[in-house]
Amino acid sequence: MREFMAESFGRNRSRQPLLDGKGSRRRQSSGRNHSRTEAFRSRPITVRPGSAGSFLFQLDSQADHDEADPAGLLADPPRMALRPCLSRRPGGVLPPGTGAAAKADGNLPARKGAALQCGCRSCGPRGQPACRKDSIMEAARAICIGFDVGKSAHRACAVSRASGEMLFNEALEDREGPIDETLALAGEGALVVVDQKRSIGALALERARAAGMEVAYLPGLAMKRARDMFPGAAKTDEMDAEVIARTAIGMPRCLRPAAEDADSGAEVRLPASRRRFPTECSTQSKDRLRSALLEVDPAFEAAVDLGAAWQVGVLSRFGGALGIAAAGRRGHRAFAVKKSGAPEAAADGLWDAALASAKSGGPHTAAEDAAVRMLAERIAEDLARAASVRESMDAPLADDAVCRAMLAVPGIGPKAASALVAGVDIGLLSSHDKLASFTGLAPSNRRSGTSLDSASSSKAGNKELKNPLVFSCNSLVGADNGFGRYYDACRARGTGRNKALKAVARKRLKVAFAVMRDARPYVRA
39 MREFMAESFG
49 RNRSRQPLLD
59 GKGSRRRQSS
69 GRNHSRTEAF
79 RSRPITVRPG
89 SAGSFLFQLD
99 SQADHDEADP
109 AGLLADPPRM
119 ALRPCLSRRP
129 GGVLPPGTGA
139 AAKADGNLPA
149 RKGAALQCGC
159 RSCGPRGQPA
169 CRKDSIMEAA
179 RAICIGFDVG
189 KSAHRACAVS
199 RASGEMLFNE
209 ALEDREGPID
219 ETLALAGEGA
229 LVVVDQKRSI
239 GALALERARA
249 AGMEVAYLPG
259 LAMKRARDMF
269 PGAAKTDEMD
279 AEVIARTAIG
289 MPRCLRPAAE
299 DADSGAEVRL
309 PASRRRFPTE
319 CSTQSKDRLR
329 SALLEVDPAF
339 EAAVDLGAAW
349 QVGVLSRFGG
359 ALGIAAAGRR
369 GHRAFAVKKS
379 GAPEAAADGL
389 WDAALASAKS
399 GGPHTAAEDA
409 AVRMLAERIA
419 EDLARAASVR
429 ESMDAPLADD
439 AVCRAMLAVP
449 GIGPKAASAL
459 VAGVDIGLLS
469 SHDKLASFTG
479 LAPSNRRSGT
489 SLDSASSSKA
499 GNKELKNPLV
509 FSCNSLVGAD
519 NGFGRYYDAC
529 RARGTGRNKA
539 LKAVARKRLK
549 VAFAVMRDAR
559 PYVRA
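Residue numbers for the sequence shown, in the working numbering: 39 to 563.
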């Protein structure tokens, strides 16, 4: 309940033009109407929230005013319902005790971007704190906050679940203080939805969990498709935040769980992500190295096997074909065989290919040797770093009960087991069908009346989980167990090799789901 002086009410009444009987404007008389207006100006108004977002304004009856009004000018005070100002969207909503009034009293300063009245009859004088902020935030406790997260700043949009009204849409820094201040406006019953649950969106989820709120994650592709259903072609942070909030309210099935990692899961997930980075870097360096060798001599490039560590060491030591030939056969064999442990036949084969390339008269230069040496050194460093990360993952995997149980599943090794433990929160999946859909092993069905009826492999899903699950089924080909016999049956029906491997991976995923759910090793019946 808030009180305002009736000065604005009287001023708005005095602004209304009066017409005489002939339809022309005339000035307001200074008689009874003027006295009534002056009485209204000195009398407080009580504001109460009404239904459907409206507000009730009523003049309070006070003894001193009644005594000062013997003529009955203030009898039967007016009662009217005014809706909130919809002339523009507020830039923010202030909690009670803040804003211009609190700033004048020496309390908290007014927040930047606070919603101010526009001066219309619903709001009152221009420049005052908006009359709707307290009642809306008090009545709409169950709201959804959509965060369009960014590196240095976020955009937060709050929408009421009951009425669908936008409560605020404002920018805030990626810091704990501004995030906590925004979350405090909604209360503990709010749902916080982000478009990235890792990296730049981690702090928003962490502060929401600390405030006791529910959290969820809207994938980027789903948000992009949902934005196409909204009017307008603009792509702004303000619009993205509103799309996230309204999609979470209208289509909750699009949301993904954003569960908090346990200590054991974080110890497996973080090293797994660090292992992927050097592996990707080494693959990029290998592609650039092969491009450099292919430009000079395709025959020498075909003779080089970058999967052999000793050949990478030879290239990092001597460079290209010209550098290997300049080192001589004895120097090459001493480094490749004695120091790197290469087979003598393979070392001699690389020497012959390098010597033939050097004598071919190709465009061999010193710059080529320098580039080959630099790329080979980078490949060796990335492979060594990936090996050290794999060693650091052995201890957490050995201590994790689910990882130990997963190793008993046929065809599941340490890499596939660590990928499943690090990438799947099994407590959020109700069945193996959900796990198959998450990993992309569920078939994609297309049916429409009598004209379309087909089923194909899904191209969606988590590729980091799908690839090891499918490729590890190669070890089950010809195996004397149920999975090997199922592969043979698929091939006998005319199914291709790749589709048969995916079918075996889908069948084995039922066992993997039960093992992860119960944390018990697989026992062959």
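Backbone N, C-alpha and C fix where the C-beta goes; we use that ideal spot for every residue, glycine too.
Collapsed DSSP secondary structure at residue i in the structure displayed
i      : result
Asn512 : helix
Arg294 : strand
Phe185 : strand
Asp343 : coil
Asp491 : strand
Phe206 : strand
Ser378 : coil
Ser469 : coil
Arg442 : helix
Glu211 : strand
Arg531 : coil
Ser486 : strand
Gly151 : Only weak support exists for where Gly151 lies, its pLDDT of 37 falling under 50; the coordinates are left without a value.
Phe315 : helix
Arg79  : Model confidence at Arg79 stands at a pLDDT of 48, short of 50, so the residue's coordinates are unreliable and nothing is read from them.
Leu223 : coil
Arg562 : coil
Arg236 : coil
CA-to-CA distance, residue j to residue i, given in whole angstroms
i      : j      : result
Ala538 : Gly478 : 15 Å
Ala364 : Ile417 : 23 Å
Leu507 : Ser430 : 23 Å
Ile238 : Phe476 : 23 Å
Leu308 : Glu419 : 20 Å
Arg126 : Arg546 : Caution applies to Arg126, whose pLDDT of 37 falls short of 50 and renders its modelled position unreliable; the value that the coordinates give is listed next. For Arg126 and Arg546, the distance between alpha carbons rounds to 57 Å.
Asp212 : Asp463 : 27 Å
Gly534 : Cys528 : 8 Å
Leu256 : Lys262 : 10 Å
Ala385 : Arg313 : 30 Å
Arg355 : Gly499 : 42 Å
Ala405 : Cys195 : 56 Å
Gly379 : Ala474 : 44 Å
Phe521 : Arg265 : 44 Å
Lys377 : Cys441 : 37 Å
Ala246 : Val515 : 48 Å
Phe509 : Gly351 : 29 Å
Residue i burial status per 10 Å Cβ neighbour count (16 or more: buried)
i      : result
Thr274 : exposed
Val459 : buried
Met267 : exposed
Arg544 : buried
Asp390 : exposed
Arg558 : exposed
Gly570 : As shown, the chain starts at 39 and ends at 563. That puts residue 570 outside it, with no answer to give.
Thr488 : exposed
Asp607 : With the chain represented from 39 up to 563, any question about residue 607 goes unanswered, as that position is not in the structure.
Pro565 : Since the first residue of the chain shown is 39 and the last is 563, residue 565 is not available in this structure.
Met575 : Because the chain spans 39 through 563 in this model, residue 575 falls outside it and cannot be assessed.
Gly61  : Its pLDDT being 47, under 50, Gly61 is placed unreliably by the model, and nothing is read from it.
Asn519 : exposed
His192 : buried
Met444 : buried
Asp186 : buried
Lys235 : buried
Val549 : buried
Ser494 : exposed
Run of the alpha helix (DSSP H) containing residue i, from where it starts to where it stops
i      : result
Gly461 : 452 to 461
Arg544 : 535 to 556
Ala404 : 404 to 437
Arg245 : 240 to 248
Ile282 : 275 to 288
Arg265 : 258 to 265
Unbroken beta strand (DSSP E) run spanning residue i, endpoints
i      : result
Glu252 : 252 to 255
Leu229 : 229 to 232
Arg367 : Taken as a continuous stretch (DSSP letters only), Arg367 belongs to no beta strand (DSSP E), being part of the alpha helix (DSSP H) at 359 to 371.
Ala11  : In the structure as shown, the chain starts at 39 and stops at 563, and residue 11 therefore has no counterpart that could be examined.
Below-9 Å beta-carbon distance, residue i vs any chain B residue
i      : result
Ala264 : Considering every chain present, this structure includes no chain B. It has just one protein chain.
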